[in-house]
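Respectively, the protein sequence lines represent chains A and B.
Residues in the first sequence are numbered from 1 upward in steps of one, following the numbering used here.
Residues in the second sequence are numbered from 1 upward in steps of one, following the numbering used here.
Beneath this line is the structure, given in structure tokens, with notes to follow.
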Amino acid sequence: MNLIRLVYSWIKHFVYESQQMFFFSLKVLRSMVGRPVYPAETLEQMYLIGVGSLFLIILTGMSAGQAMTLQFSNELAEFGSKTYIGRIMAIAVLRELGPILTGLMVAARVAAGITAEIGAMKSSNQIDALIAFGIDPIRKLAAPRVIALLIMMPVLTIICDIIAILGGWIIAIFISHITSTTYLVAVKERLIFGNLFIGVVKPMVFSFIIGFIACYKGFTSEGGTKGVGQATTESVVLSSISVLIANFIITKVVYSFLKGYL
Amino acid sequence: MIEFRNVHYSIGNKKIINNVSFHIPAGEPRIIMGHSGSGKSTILRLILGLACPDRGQIIINGENICGLNEKKMREMRKQIGMVFQDGALFDSMTVGENVGYYLLEHTDMSLAEIEEKVRRMLGFVGIGEEYIDRLPDELSGGMQRRVAIGRALLSTDPMIMLYDEPTTGLDPQMTTNIINLINRLMERNRVTSLIVTHQIADAFKIGDKFIFIDGGEVAFDGDINGLRDSTDPRVVEFLEPFRKAVAHVHKIDFV
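Structure follows, in structure tokens:
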């Protein structure tokens, strides 16, 4: 009986949270258009998100690209198909690896930062102070962050893609002993509309997910420092899981509707 | 003028404010006293429209603010200045940016004009010009509180000032400075002032009319004589540590 009550209360909480998050997301979307706009805040956030995440993205892209090329080239060598490594890398990186790695890295780094910052502002009454001065805190704090994510996530993903393919190129030449031309021509063959489309759409969707969850968790954090810490953890976990789920759904949808372009 | 008419407010199942009614005429100060967690600060949040009551009416300058839409509420807030507990200064902005923030957001004033107003306001609240480019973290608690008062004044040119624990955690010298500032402001602008505090000694230096809140209810509403003579056990218990001080207050000595 207790278990049923526990499950019921968990479901109730989940539905309530989902509903609140949905309405919050609508408010953020509405605040992203119209005046006043905060270009300085948006540019600052673009810098913090873009430049701040660059090292992590380069490191992740490079190591993932190299590791994948190493693994695939060993397997493909058994079938005498090592020359296909460029094609496989291009498909894997553009469609999945680049967006997912960037999404998870940004979810971990940026979502935590956004939630902690907004949560700290809330616990020190700074958000109430903004409201008291007639400023909409969602327009002032959430909208610039979501817009910055929307612009920077595709940029970071493209950088991650390039670095991962470059990492694969290094391994292909020096360890798998494939010529540079073979690798690059194979990569170029798969740089087609469908793959590039997925590679840009995914990070754009992820940016909304990460932005909404991170801001929502910050605005709804309660209980001082401990509450902010808890909200930050929840923000990272929830945005990472949501990115993974969204990735699967987008892949499935794109395969259903754009199969001819892939 | 501020009036509460049978206001109820709860969070979840917990009653925070229970059937609270009081009236503060325009230009008068009123001290709200009570234990921590008694609902004092919530009253300020309700006045500012940061929370909505479940039942009852809150009348500000003749208008019931309950149910006002966000646009009208924003206009209403322009009449109200709020000094939050611990200042609530924007920690990513300098002292000058904090004080001039409202003007920067809501007016077409040039930066030079805003800076001039900010410098004048900092002078009024007793903050030296050398602090204008410092971050709030670099200031003492008392200075932060004074910057917060300056920010509230320059923001809204208020008819009502709300102070949430303005002297809590400050040393005696800083406390005296803040009390001086609040009194100076009341005398100069005749603003309706609502000061939430549990510092009894400070309360007597600011006003002579008190509201005592206990468990979200008004346990006392009256002047110093009524407070001294109150037989309500909640008031008696709260004032007991200060009974001697209360007995000696015959008239309020404004600092």
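We put the beta carbon where it would ideally sit given N, CA and C, even for glycine.
Using the Cβ count rule (16 or more neighbours within 10 Å means buried), how would you classify residue i?
i, result
"B/R258", "Only positions 1 to 255 of chain B appear in the structure, and residue 258 of chain B is not among them; the question remains open."
"B/K40", "buried"
"B/N177", "buried"
"A/R191", "The amino acid at residue 191 of chain A is misidentified as Arg; the sequence shows Leu. The residue in question, A/L191, is exposed, as its Cβ has fewer than 16 Cβ neighbours within 10 Å."
"A/N195", "buried"
"B/D133", "exposed"
"B/K251", "In this predicted model, B/K251 has a pLDDT of only 49, less than 50, meaning its place in the structure is not dependable; the value taken from the coordinates is given anyway. Exposed: under 16 other Cβ atoms inside 10 Å."
"B/T107", "exposed"
"B/P241", "exposed"
"B/D137", "exposed"
"B/D253", "For B/D253, the predicted model reports a pLDDT of 46, less than 50, meaning its position is unreliable; a value from the coordinates is still stated below. So B/D253 counts as exposed."
"A/R30", "exposed"
"A/Y183", "buried"
"A/I175", "exposed"
"A/L141", "buried"
"B/N64", "exposed"
"A/N74", "exposed"
"A/P247", "Checking the displayed sequence, the identity of residue 247 of chain A turns out to be Asn instead of Pro. Buried, because 16 or more other Cβ atoms sit within 10 Å of the Cβ of A/N247."
"A/L26", "exposed"
"A/V253", "exposed"
"B/T197", "buried"
"A/I245", "exposed"
"A/P99", "buried"
"B/I47", "buried"
"A/T181", "exposed"
"A/G34", "exposed"
Are the Cβ atoms of residue i and residue j separated by less than 8 Å?
i, j, result
"B/G62", "B/M1", "yes"
"A/M32", "A/I151", "no"
"A/G168", "A/T69", "yes"
"B/L181", "B/V125", "yes"
"B/A148", "B/G87", "yes"
"A/G80", "A/R145", "no"
"B/L162", "B/I80", "yes"
"B/Y102", "A/F133", "yes"
"A/G103", "A/F206", "yes"
"B/S193", "B/P29", "yes"
"B/I127", "B/P166", "no"
"A/I198", "A/R95", "yes"
I need the DSSP call for residue i, collapsed to helix, strand or coil.
i, result
"B/D157", "coil"
"B/A51", "coil"
"A/Y8", "helix"
"A/F79", "coil"
"A/E189", "helix"
"A/A246", "helix"
"B/G89", "The displayed chain sequence assigns Leu, not Gly, to residue 89 of chain B. If DSSP states are grouped into helix, strand and coil, B/L89 belongs with coil."
"B/F84", "strand"
"B/E63", "strand"
"B/K209", "strand"
"A/G134", "coil"
"B/G222", "strand"
"B/S38", "coil"
"B/L103", "helix"
"A/D128", "helix"
"A/H13", "helix"
"A/R35", "coil"
"A/T42", "helix"
"A/S25", "helix"
"A/E222", "coil"
"A/L258", "coil"
"B/D202", "helix"
"A/V253", "helix"
"A/L101", "helix"
"A/Q20", "helix"
"A/L238", "helix"
"B/T94", "coil"
"B/S230", "coil"
"A/K122", "helix"
"A/K140", "helix"
"A/N74", "helix"
"A/S176", "coil"
Looking only at DSSP bridge pairs, what is residue i linked to?
i, result
"B/K15", "B/S10"
"B/Q57", "B/R5"
"B/D214", "B/E217"
"B/R30", "B/L194"
"B/F22", "B/F4"
### Query
Which runs of the alpha helix (DSSP H), 4 residues or longer, sit entirely within the region 105-184 of chain B?
Correct list: 111-124 and 141-156.
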